[in-house]
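Everything in the sequence shown is counted per UniProt numbering, starting at 1 for the first residue and increasing by one.
One structure is given below, encoded as structure tokens.
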Amino acid sequence: HHTKAVVRGTKQAMIIGDMPFMTYHISVDDALYNAARFIQEGGAQAVKLEGGVTVAEKVSRIVECGIPVMGHIGLTPQSIYQLGGFTVQGKTQEAAARLLEDARALEEAGAFSIVLETVPAQLAKLITEKVNVPTIGIGAGIDCDGQVQVINDILGSFTEFVPKHAKQYAKLTDIISKAVTQYHNEVKAGSFPTEKQSYSIDESVLAELTK
């Protein structure tokens, strides 16, 4: 449903369906079926799966059937409780080696690109150098092949919390608050709506109704 709406609203961007939790975890067949739905029903051009070695077989099968797959390793939101919260991944030698292994497994499985989320910049650079597919960083330093951010973070939709990896290029919260306050005040004062925001009816029609 949501993918369809996004597809309708764009003419140029590549639409990648982010497969929800438990839509690809049960079995290879289940993963393939749900990936196909994103393409056939949603209109996406590709799908994204979180995980590395553990999902490589599923990625391989999906790609084998003609569906492009983007990988996602590091801080994977669908596994947040298993990871212990929103923390930087790959800081120890063992964890860093595991992420490199994950990246290589995804590349070998046929992923066309890999998202690296919340990992040390130096590790992201190394992974980018070691794989032959583009890396897309979010909280992974400057050396990834591309960057992605959450739109609400960079537009300043929230002020209570801004992730370390995000930069606010605007403060929409202030603009929205000011607009809503002005609307409230005008309604309370009786100055909104005006004739400009109102619809009219022919006076002769109104006269007939009041006879």
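Ideal placement from N, C-alpha and C gives every residue a C-beta, glycine not left out.
* Compute the Euclidean distance between the alpha carbons of K91 and Q122, then round it to the nearest angstrom. => 10 Å
* How is the beta strand (DSSP E) around D145 delimited, first residue to last? -> It is not in any beta strand (DSSP E) - D145 carries neither H nor E in the DSSP assignment.
* How would you call T118, buried or exposed, if buried means at least 16 neighbouring beta carbons within 10 angstroms? -> buried
* Asked: Taking DSSP as the reference, what is the three-state secondary structure of D153?
  -> helix
* Asked: Per DSSP, which one or two residues make a beta bridge with D18?
  -> K48
* What's the call for A105, buried or exposed, on a 16-neighbour Cβ count within 10 Å? -> buried
* Compare the Cα-Cα distances from L155 to each of Y24, L172, A140 and E107 and report the closest residue. => L172
* Given that a residue counts as buried once 16 or more other Cβ atoms are within 10 Å of its Cβ, and exposed if not, what is H1? -> exposed
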